[in-house]
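*Asks:*
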Amino acid sequence: MTRSDAQPRADIAILGGGLAGGLIALALRRADPSLSVVLVEAGDMLGGNHRWSWFESDLSPQGTALLGPFRKIQWPAGYDVHFPEHSRRLDSTYCSLSSADFDAALRRELAQSTIHTGRTVAAVDARGATLEGGDRIEARCVIDARGFILSDAFQGGWQVFMGRHLRTEAPHGVDRPIVMDAKVRQHDAFRFVYTLPLAADQLFVEDTYYQDTPVLDRAALSRRIDRYCARLGWEGEPIGFETGVLPVVTGGDLARYQREMRVPGVAMAGARGMIAHPLTSYTLPFAVETALLVAENRDLTGEQMAALLEAHARRVWQRTGFYRMLGTMLFGAAKPDERYRIFSRFYRLSPGLIERFYAARSTGADKLRTLTGKPPVPISRALRALAGHRPPLTSQEGSQTDG
Ligand SMILES: Cc1cc2nc3c(=O)[nH]c(=O)nc-3n(C[C@H](O)[C@H](O)[C@H](O)COP(=O)(O)OP(=O)(O)OC[C@H]3O[C@@H](n4cnc5c(N)ncnc54)[C@H](O)[C@@H]3O)c2cc1C
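If you want the numbering used here, it's the 1-based position in the sequence shown plus 728.
1. May I have the straight-line CA-CA distance separating Arg-892 from Ala-805, to the nearest angstrom?
2. Assuming contact is defined by CB atoms lying nearer than 8 Å, are Thr-1098 and Gly-979 in contact in what I supplied?
3. From this set, Arg-836, Ala-995, Arg-835, Ala-759, which residue's C-alpha is nearest Ile-871's C-alpha?
4. Look at the Cβ atom of Leu-894, then the Cβ atom of Ile-967, and state whether they are nearer than 8 Å.
5. Which residue marks the beginning of the alpha helix (DSSP H) containing Ser-950, and which one marks its end?
6. Please report how far the alpha carbon of Leu-838 lies from the alpha carbon of Leu-754, in whole angstroms.
7. Check whether the Cβ atoms of Val-765 and Leu-743 sit closer than 8 Å, and answer yes or no.
8. With DSSP run on the structure shown, which of helix, strand or coil describes Phe-1071?
9. Can you name the residues that DSSP bridges to Pro-966?
10. Could you name the residues of the same chain whose beta carbon sits closer than 6 Å to that of Lys-911, not counting the 5 residues immediately before and after it, in chain order?
11. From Val-849 to Arg-1073, what does the alpha carbon distance come to, in whole angstroms?
12. If you draw a straight line from the alpha carbon of His-844 to that of Ala-854, how long is it in whole angstroms?
13. Phe-705 lies in the beta strand (DSSP E); which residues open and close that run?
14. List the endpoints of the continuous alpha helix (DSSP H) containing Ala-1014.
15. Let me make sure I understand the geometry here. Which of Ser-841, Leu-859, Val-1016, Thr-941 has the alpha-carbon closest to that of Pro-1133?
16. What are the partner residues of Phe-882, as DSSP defines its beta bridges?
17. What distance in whole Å lies between the Cβ atoms of Asp-945 and Asp-1065, which are believed to be in contact at a cut-off of 8 Å?
18. For Phe-798, which of helix, strand or coil comes out of DSSP?
19. So, do the stretch 988 to 1006 and the stretch 769 to 779 have three or more beta carbon pairs nearer to each other than 8 Å?
20. Exposed or buried, what is Leu-747 when buried is set at 16 or more other beta-carbons lying within 10 Å of its beta-carbon?
21. Is the beta carbon of Asp-998 within less than 7 Å of some heavy atom of ligand 1?
22. By Cβ distance, which residues of its chain are closer than 8 Å to Arg-1132, with the 5 residues on each side in sequence left out?
23. Determine the direct distance from the alpha carbon of Thr-971 to that of Asp-935, and round the result to whole angstroms.
24. Quick check: does the Cβ of Gly-749 come within less than 7 Å of any heavy atom belonging to ligand 1?
25. Does the Cβ of Gly-901 have 16 or more other Cβ atoms within 10 Å, making it buried, or fewer, making it exposed?
26. Can you tell me the Cα-Cα spacing of Phe-882 and Val-977, whole angstroms?
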């Protein structure tokens, strides 16, 4: 890229090489290798420092095929959950991808001219983007995938977590993920520890909280991970970590957000486009679905792509209203230390219903089944929570994700 006008106009410019942007670039490459695509990422690596996980059942066959080039870990023997009242083993195949493997595969698969890491977008318009330093990228279609923006158009709470990658001194003997261990002290939140056995001597242990504020107390979480590992006899050396503060959207006004965020003629994808599971914050299946949609419609103009992805975000918003309601109940109806009861009861339901919940594809019958029976929280508090308002997602300390 140069400061001059010599830079040829790309077919599609994707701004932000995170999960959404990277997958869109890959889907476009597979759909038509002759398209000229530019992917601009501020960091040195695509995907940042994350580990993304999902259930195999979250993806369509096309989605599974799109993830084919990535080295990922799969646990076909299923996963465990633990609550004070019960434990359960479920058969669904769980999968996980590290951002290092995401970056490596994209660098193998995408054209060399596509990837521009270490470049920060300063301004965006329908014809392209201006980078810090003044370089200009021109494109027929511009897709902004630069991650979530806090907005007071939404209300909700927070999912805060710290994960530690540990090399154990001896084989740890854990043979499948523990997706939720809520038998831990709750500390004024819905807290659970999440464990992935990445290899015979490697574990990823993540301490997660659904809490009212975006505060991440690194020292406290680190000590709690120490204690959890010590209790289970997992001694070893930390070889990596990640932290996250993610919004859990329980309500809001998507149309207002779109109006306020819209740059005419520029499409928004990923968390920036609010295309996510509001309760679990698992967005990989959504990012895959969006990438396939963009690739199918790769010949659209920027204006048409912007309209297509706004309409897609609206459909996702409508489809996920049930999960925002459950989030409202989680934060508002249960005392913080008793929030776990909602998931404890949920995890007694049928495996198919649980799979559809994570895929955000709950049927009408699933929704009814989730809400009927002995309520895990007092009905009066649940009704008050549904009638009340959660705080807007900007009024607090802000969110952060890093490694
Ligand atoms: C630590 C962590 C773990 C998660 N785990 C899971 C999980 O297990 N499963 C799951 O489905 N979801 C998970 N999520 C949630 C969700 O998948 C991620 O937030 C996801 O990465 C969102 O994708 P995205 O592409 O929209 O945003 P991001 O992946 O955040 O990508 C946005 C990219 O844009 C870049 N960028 C921002 N500003 C600029 C700029 N001005 N110029 C150039 N580049 C810019 C950023 O550097 C970043 O790489 C996790 C999130 C975090 C933070």
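The beta carbon of each residue, even a glycine, is placed where N, CA and C say it ideally should be.
*Replies:* In terms of the structure at hand:
1. Here residue 892 refers to the residue found at position 164 of the sequence shown. Here residue 805 refers to the residue found at position 77 of the sequence shown. Distance between the alpha carbons of Arg-892 and Ala-805: 23 Å.
2. Numbered from its first residue, the sequence shown carries residue 1098 at position 370. Numbered from its first residue, the sequence shown carries residue 979 at position 251. No, they are not a contact pair.
3. Taking the sequence shown and counting its residues from 1, the one referred to as residue 871 is at position 143. Among Arg-836, Ala-995, Arg-835, Ala-759, the Cα nearest to that of Ile-871 is on Ala-995.
4. Residue mapping note: residue 894 aligns to position 166 of the sequence shown, counting from 1. Residue mapping note: residue 967 aligns to position 239 of the sequence shown, counting from 1. It is a contact, given that the beta carbons lie within the stated cut-off.
5. Residue 950 sits at position 222 when you count from the first residue of the sequence shown. Where Ser-950 is concerned, the enclosing alpha helix (DSSP H) stretches over 946 to 959.
6. Along the sequence shown, read from residue 1 onward, the residue named residue 838 stands at position 110. Along the sequence shown, read from residue 1 onward, the residue named residue 754 stands at position 26. Their backbone Cα atoms lie some 7 Å apart in a straight line.
7. Residue 765 sits at position 37 when you count from the first residue of the sequence shown. Residue 743 sits at position 15 when you count from the first residue of the sequence shown. No, these two residues do not count as a Cβ contact at 8 Å.
8. Within the sequence shown, the letter at position 343 stands for residue 1071. In the structure shown, Phe-1071 sits in a helix (DSSP, three-state: H, G or I).
9. Within the sequence shown, residue 966 is the residue found at index 238, counting from 1. In DSSP, Pro-966 forms a bridge with Leu-894.
10. As a first step, residue 911 is located in the sequence shown; it is residue number 183 there, counting from the start. His-810, Pro-812.
11. Position 121 of the sequence shown, counting from 1, holds the residue named residue 849. Position 345 of the sequence shown, counting from 1, holds the residue named residue 1073. Using only the alpha carbons, I get a separation of about 46 Å.
12. The residue given as residue 844 occupies position 116 in the sequence shown. The residue given as residue 854 occupies position 126 in the sequence shown. Using only the alpha carbons, I get a separation of about 19 Å.
13. Since the first and last residues shown for the chain are 729 and 1131, residue 705 lies out of range.
14. Numbered from its first residue, the sequence shown carries residue 1014 at position 286. The question names Ala, but residue 1014 is Phe in the sequence shown. 1012 to 1024 is the span of the alpha helix (DSSP H), which, as asked, contains Phe-1014.
15. There is no way to answer for residue 1133, as the model of the chain reaches only from 729 to 1131.
16. Taking the sequence shown and counting its residues from 1, one reaches residue 882 at position 154. Beta-bridge annotation (DSSP): Phe-882 is paired with Gly-980.
17. As a working note, residue 1065 is residue 337 in the sequence shown. As a working note, residue 945 is residue 217 in the sequence shown. With 8 Å as the limit, Asp-1065 and Asp-945 do not qualify as a contact, their Cβ atoms being about 17 Å apart.
18. Here residue 798 corresponds to residue number 70 of the sequence shown, with the count starting at 1. DSSP places Phe-798 in coil when its eight states are reduced to three.
19. Judged by Cβ distances under 8 Å, the stretch 988 to 1006 makes no contact with the stretch 769 to 779, as fewer than three pairs qualify.
20. Position 19 of the sequence shown, counting from 1, holds the residue named residue 747. With 16 or more Cβ atoms within 10 Å of its Cβ, Leu-747 is classed as buried.
21. Start at 1 with the first residue of the sequence shown, and residue 998 comes out as number 270. Going by the sequence as given, residue 998 is Gly instead of Asp. Yes.
22. What is shown of the chain runs 729 to 1131, which leaves residue 1132 out entirely.
23. As a first step, residue 935 must be located in the sequence shown, where it is residue number 207. As a first step, residue 971 must be located in the sequence shown, where it is residue number 243. Approximately 10 Å, taken between the alpha carbons.
24. Working through the sequence shown from its first residue, we reach residue 749 at position 21. For Gly-749, the Cβ falls inside the 7 Å cut-off from some heavy atom of ligand 1.
25. Within the sequence shown, the letter at position 173 stands for residue 901. In the assembly as shown, Gly-901 is an exposed residue. Its beta-carbon has fewer than 16 other beta-carbons within 10 Å.
26. Stepping through the sequence shown from its first residue, residue 882 is reached at position 154. Stepping through the sequence shown from its first residue, residue 977 is reached at position 249. Taking the straight line from one Cα to the other gives about 6 Å.
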